[in-house]
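*Asks:* Below is a structure I'd like to ask you about.
Residue numbers (this note's numbering): 2 to 526.
This is the structure in structure tokens:
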């Protein structure tokens, strides 16, 4: 009875789901601190805004000209329009808008899944998998680079499949607009125009003789128009390219491809330079930081899809250009590119978060195949029951972690990473964003009523998180370069996974049996 009701009123179910997602974000977006990159990202928006308004030309002279500006420019422009001046209000606004972009991306992910599987339940399940990925969920509130890029990549993939089915002028133009926004968030977004060209080159090369040349010429013109409009919009939305629209973009791509980040990462128990990580860095990080069940279904879905492509004689190219293989190419291609180019990589796999929706689509394909396989041995209800139990166990475990350790979902690891969080802490970076400083600062502000509170912090994130305090509390904190002059020492353990030997520990943040934040009082009251 209940299933018939849900099927009949599935539009209400979908609407309720997304309203619930929005309300959830509205209730918790204030809980997150300020990550390492956020002040720098805000500066990108500020410099672009000042350049557009003729207030400064420093943008052109700085390395920030190489960063995709559009989302940061939007945020800083809105900040000005809303007259936001206090830092707490500014960063809360940024949290809210970043989560809003995630909500938009999740909705288009639903549309993408619906198009792939022709089943609203699979679309909704895909969204649940996306939300119940702890690291993605936490980043959705503050990562103004990778989360909007993920959302726009989903939109581009959806529009690409629409375009393949209906290669009309309006669809090419919509694709051009989405591609331009994608590229102006991160220039690695050029992979989408490249994918479009590869698909059409293959189509042109294997066209059936019955297809008129006039139609082929029309598609060729539309592809050229797509590329021209995309690039024109990129230049329009990227102020640093206005003076040198052709060489400027090339220079940004080269600069970011050869970006010399001098920081180190903790990977499998070793501190190593971001430029020197092994080829398996990204695959390992993905494998240990998402629920294991998702990876199992991804392997099944990928294996089954590749098998069908190479199965026997027939229209091989049509199989290669099938929706699933295009999605798989959008997942595997960037990973292979990073490995081949030996790109500089930061903490975990956040630079490749944008491939994750495609990853989940292949996992859904694996789930679909598993259901078909089980039905050959059991009846429909038993097959559904087996898969439901597997998913439910994974969901409950994941939700338990997300709720129990809120707002530190990004410290999630699965069993493949190690037996407990303490052993994992010695092998992999934990709170590399430094969000847990916010908890520590709130605690100190509550227990210490001094007019001035001198603190020493392990990383800059400690200073940045003072921005999330109300103005009267923020002004009390003095971040001191010298630990000997400080009353408190705060550490997120980045670049220092070992414990400290200071005697008076007064606060910590625990995830499992591991500390991700510690506060020592160095001087008495």
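Here a beta-carbon is modelled for each residue, glycine too, at the ideal position from N, C-alpha and C.
On a predicted model such as this, the values are computed, not experimentally measured, just so you know.
Does the beta-carbon of residue 10 have 16 or more other beta-carbons within 10 angstroms, so that it is buried, or is it exposed?
*Replies:* exposed
*Asks:* Straight-line CA distance for residue 14 to residue 240?
*Replies:* 43 Å
*Asks:* What would DSSP say about residue 330, mapped onto helix, strand or coil?
*Replies:* helix
*Asks:* In this structure, what does DSSP give as the bridge partners for residue 479?
*Replies:* 455
*Asks:* Taking C-beta to C-beta, are residue 440 and residue 510 nearer than 7 Å?
*Replies:* The Cβ atoms of residue 440 and residue 510 sit closer than 7 Å to each other.
*Asks:* Helix, strand or coil: which one does DSSP assign to residue 278?
*Replies:* coil
*Asks:* Enumerated in chain order, which unbroken segments of the beta strand (DSSP E) with a length of 3 residues or greater are wholly contained in the region 407-459?
*Replies:* Along the region 407-459, the beta strand (DSSP E) occurs as fully enclosed runs of 3 or more residues at 454-458, listed in sequence order.
*Asks:* Could you give the first and the last residue of the continuous beta strand (DSSP E) run that contains residue 80?
*Replies:* From DSSP, residue 80 is part of no beta strand (DSSP E) but of the alpha helix (DSSP H) over 71-82.
*Asks:* By the three-class DSSP mapping on this structure, what secondary structure does residue 146 have?
*Replies:* For residue 146, the three-state secondary structure derived from DSSP is coil.
*Asks:* If residue 457 sits next to residue 476, beta carbons under 8 Å apart, how far is it from one beta carbon to the other, in whole angstroms?
*Replies:* About 18 Å; that fails the 8 Å criterion.
*Asks:* Below 7 Å between beta carbons: does that hold for residue 238 and residue 71?
*Replies:* A contact, by the Cβ cut-off of 7 Å.
*Asks:* Please name the residue in 251, 414 and 121 whose C-alpha comes closest to that of residue 288.
*Replies:* Per the Cα distances, 414.
*Asks:* By Cβ distance below 8 Å, which residues in the same chain neighbour residue 265 in space, the five residues on each side in sequence not counted?
*Replies:* Non-local beta-carbon contacts of residue 265 in its own chain, meaning distances under 8 Å to residues more than five positions away in sequence, involve 272, 273, 274, 275 and 496 in chain order.
*Asks:* Of all the options 81, 8, 20 and 88, which has the alpha carbon lying nearest to the alpha carbon of residue 39?
*Replies:* 88
*Asks:* Let me check understanding here. Comparing Cα to Cα, which of 105, 489 and 521 lies closest to residue 502?
*Replies:* 521
*Asks:* Would the beta-carbon of residue 427 fall within 7 Å of that of residue 493?
*Replies:* No, Cβ-Cβ distance for residue 427 and residue 493 is not below 7 Å.
*Asks:* Quick check: the region 128-136 against the region 397-408, are there 3 or more CB pairs under 8 Å?
*Replies:* yes
*Asks:* From this set, 461, 325 and 243, which residue's C-alpha is nearest residue 118's C-alpha?
*Replies:* 325
*Asks:* Looking at the ligand GTP, does it come within less than 6 Å of residue 96, judged from the CB to the closest heavy atom?
*Replies:* Absence of the ligand GTP from the depicted structure is noted, as is the absence of any ligand whatsoever, leaving it without description.
*Asks:* Would residue 253 and residue 154 be called neighbours here (beta carbons separated by less than 7 Å)?
*Replies:* no
*Asks:* In whole angstroms, what separates the C-alpha of residue 126 from that of residue 156?
*Replies:* Computed Cα separation, rounded: 18 Å.
*Asks:* Output needed for residue 83: all residues of its chain with C-beta closer than 8 Å, excluding positions within five of it in sequence on either side, in chain order.
*Replies:* Taken in chain order, the residues that qualify are 94.
*Asks:* Determine the contact status of residue 430 and residue 348, defining contact as a CB-CB distance below 7 Å.
*Replies:* Taking C-beta atoms as the reference points, residue 430 and residue 348 count as a pair closer than 7 Å.
*Asks:* From residue 435 to residue 307, what distance separates their C-alpha atoms?
*Replies:* 41 Å
*Asks:* With distances taken between CB atoms, is the gap from residue 186 to residue 149 smaller than 7 Å?
*Replies:* Cβ distance < 7 Å, so residue 186 and residue 149 count as in contact.
*Asks:* Can you tell which of 198, 267 and 86 has its C-alpha closest to the C-alpha of residue 472?
*Replies:* 86
*Asks:* Which residue wins for smallest C-alpha separation from residue 298, given the options 357, 122, 223 and 371?
*Replies:* When C-alpha distances from residue 298 are compared across 357, 122, 223 and 371, the shortest belongs to 371.
*Asks:* In this structure, how does DSSP classify residue 319 when only helix, strand and coil are distinguished?
*Replies:* helix
*Asks:* How would you write the range of the alpha helix (DSSP H) that residue 462 sits in, first residue to last?
*Replies:* 462-465
*Asks:* Please list the segments of the beta strand (DSSP E) lying wholly inside the region 219-305, counting only runs of 3 or more residues, in order along the chain.
*Replies:* 265-268 and 271-274
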